[in-house]
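Numbering (the working numbering), first residue to last: 1 to 496. Glycine included, each C-beta is placed from N, C-alpha and C at the ideal position. To start, the structure under review is shown below, and the notes come after it.
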């Protein structure tokens with residue numbers, strides 16, 4: 001027993017000693033002339049890992065100050081790259097100096113490319129320019145979301161289930177939160193390439209900043225509905241749902257599932273972990289797998305380039321790499337305006353940023369409406385040790401609003417019950433307007449090439465569930481490299 005205790009103490013000492021060597025750098029990147037924050041600057045160590053500054057110019061990074069051969073580098077389009085040995089890191093503010101731009105005539109070769117040539121060359125030899133092979137990507141993902149009911153009204157016209165009277169609906173709707181905001185974060189390793197088929201996610205840690213009491217309200221309402229339906233809906237029933245001339249059929253067991261739960265508590269927990277993994281994998285990999293298609297950049301702006309006017313407006317540098325900057329805007333009915341940043345040596349797209357200038361979708365007919373009025377995207381690639389580019393940062397921001405202002409009739413029917421076919425009916429006027437905002441941020445800190453054997457042998461399995469907190473906790477991600485949270489996240493707190 002004493003021997004085991006000694007081994008535990010030695011192990012604890014070694015682990016503590018190792019952890020004590022690692023330090024966390026939390027810092028701000030500013031323009032040396034304007035003193036303005038520099039967003040999306042690339043932050044990386046010579047040893048391989050790295051990240052990006054957030055929209056406020058802030059970043060967080062783990063490093064070992066005792067590693068005398070390692071250095072921190074900060075680079076951004078149009079600025080001189082800053083390099084500092086990690087053993088000399090002391091500041092929490094780093095200033096980048098704007099890089100003077102020399103004449104285009106000294107670029108590359110005696111062949112001057114026009115915009116059309118550059119756009120054509122961007123899509124050539126994609127596998128030579130980008131690392132599309134199997135790799136292990138160490139990533140951090142953050143989701144910011146909000147939902148607001150601008151209108152939420154139900155007026156009962158008729159009901160054969162007395163529990164579903166107007167008083168019931170008024171009571172239920174009074175409890176429904178009109179607005180909810182949440183943040184979700186995860187750290188993990190993504191194994192695969194850029195295809196939909198080859199994606200495996202390993203979760204390391206996950207956090208939810210959310211008011212669970214608001215979520216519980218919806219769960220309790222669902223349980224109440226379930227109880228009422230169990231007491232009133234007959235076996236083998238089905239529902240006819242109709243709104244004016246629009247109708248459909250729903251089986252009763254799709255609404256009221258009476259299947260007996262035979263899972264043990266351990267199996268239930270594992271199922272939750274597996275479901276959580278599948279859900280978060282679907283959301284995060286949808287961003288990555290949308291980038292390439294059949295060895296081509298799968299970006300709508302490039303695939304529908306004929307709908308846009310492109311103009312080379314600037315020339316700059318990313319470190320020592322010369323970069324063309326192409327502005328684009330719609331010719332007629334296209335939706336976006338933005339910029340392309342192109343490696344002038346390799347003629348490779350290394351960054352794209354764009355946002356819509358008009359509503360993307362605006363539909364309203366017979367009381368049903370849908371409007372998507374905001375989308376803003378930033379995609380940034382970085383050069384790997386192999387000389388090819390791979391994904392560094394993805395920022396997707398959107399807002400949409402849906403509405404339903406129509407009569408709704410739900411009828412329970414049953415062909416087996418003798419007598420009348422119609423069992424119960426609920427008639428109501430439903431008026432709902434709901435606005436949603438979503439933001440997805442994904443940063444790849446490190447990309448390591450793996451073999452097909454490594455990919456195939458890795459077993460994807462749910463091992464964690466997210467930890468829920470009702471207020472921002474600066475200690476949660478201590479000792480982890482993440483996208484530094486912005487002021488809104490730091491101020492998040494559930495009001496009691």
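- For residue 406, the enclosing beta strand (DSSP E) has its first and last residue at 389-413.
- Within the same chain, 428 and 429 come within 7 Å of residue 155 by CB-CB distance, once the 5 residues on both sides are set aside.
- Closest by C-alpha distance to residue 186, out of 455, 365, 280 and 161, is 280.
- In the three-state reduction of the DSSP assignment, residue 143 falls in the strand class, which pools E and B.
- When the beta-carbon positions are compared, residue 276 and residue 465 come within less than 8 Å of each other.
- Sequence-distant partners of residue 176 (beyond 5 residues in either direction) whose C-beta falls short of 8 Å from its own C-beta, in its chain, are 149, 152, 217, 218 and 221.
- Taking residue 309 as the centre and dropping the five residues before and after it, the same chain places the C-beta of 328, 329 and 331 closer than 7 Å to its C-beta, in chain order.
- Scanning the region 114-184 for uninterrupted alpha helix (DSSP H) segments of 4 residues or longer gives 115-122, 126-129 and 166-175, listed from N- to C-terminal end.
- With respect to the 8 Å criterion, residue 192 and residue 179 are not classified as neighbours on the basis of their beta carbons.
- Inclusion of residue 432 and residue 40 in the CB contact set at 8 Å is not warranted, their separation being larger than that value.
- With respect to residue 297, residue 469 sits apart: the two C-beta atoms are not nearer than 8 Å.
- Taking C-alpha positions only, residue 73 is separated from residue 386 by approximately 18 Å.
- In this structure the region 392-404 lies against the region 369-376, because at least three pairs of beta carbons, one per stretch, are closer than 8 Å.
- Taking C-alpha positions only, residue 126 is separated from residue 392 by approximately 17 Å.
- 8 Å or more divides the Cβ of residue 143 from the Cβ of residue 324.
- For the options 190, 161 and 341, the alpha carbon positioned closest to that of residue 134 is the one of 190.
- DSSP places residue 432 within a strand segment (E or B) once states are collapsed to three.
- Secondary structure at residue 348: strand, using DSSP grouped into helix, strand and coil.
- With contacts defined as CB atoms closer than 8 Å, residue 339 and residue 326 qualify as a contacting pair.
- Distances from the CA of residue 56 to each of 65, 90, 48 and 28 were compared; the closest alpha carbon is that of 28.
- When beta bridges are read from the DSSP output, residue 209 appears opposite 183 and 469.
- Residue pairing by DSSP leaves residue 492 without any beta bridge partner.
- C-alpha of residue 477 to C-alpha of residue 484: approximately 10 Å in a straight line.
- Rounded to whole angstroms, the gap between the alpha carbons of residue 467 and residue 204 is 12 Å.
- For residue 24, there is no enclosing alpha helix (DSSP H); the residue is found in the beta strand (DSSP E) stretching over 23-31.
- Annotated three-state conformation of residue 372 is strand, per DSSP.
- Within the DSSP bridge table, the entry for residue 443 names 140 and 393 as partners.
- Checking the DSSP bridge columns, you'll see residue 323 partnered with 316 and 343.
- Within the region 27-98, the complete beta strand (DSSP E) segments at least 3 residues long are 42-45, 50-52, 58-63, 71-75, 82-85 and 93-96, listed from N- to C-terminus.
- The Cβ-Cβ distance between residue 302 and residue 62 does not fall below 8 Å.
- The continuous beta strand (DSSP E) containing residue 362 extends over residues 361-365.
- Between the alpha carbons of residue 161 and residue 226 lies a gap of roughly 13 Å.
- Only residues of its own chain outside the window of five on either side were considered, and among them 188 and 189 have a CB closer than 6 Å to the CB of residue 202, listed in chain order.
- Take residue 80, set aside five residues on each side of it, and the residues of its chain with a beta-carbon closer than 6 Å to its own are 97 and 99, in chain order.
- Here DSSP, grouped into helix, strand and coil, assigns residue 189 to strand.
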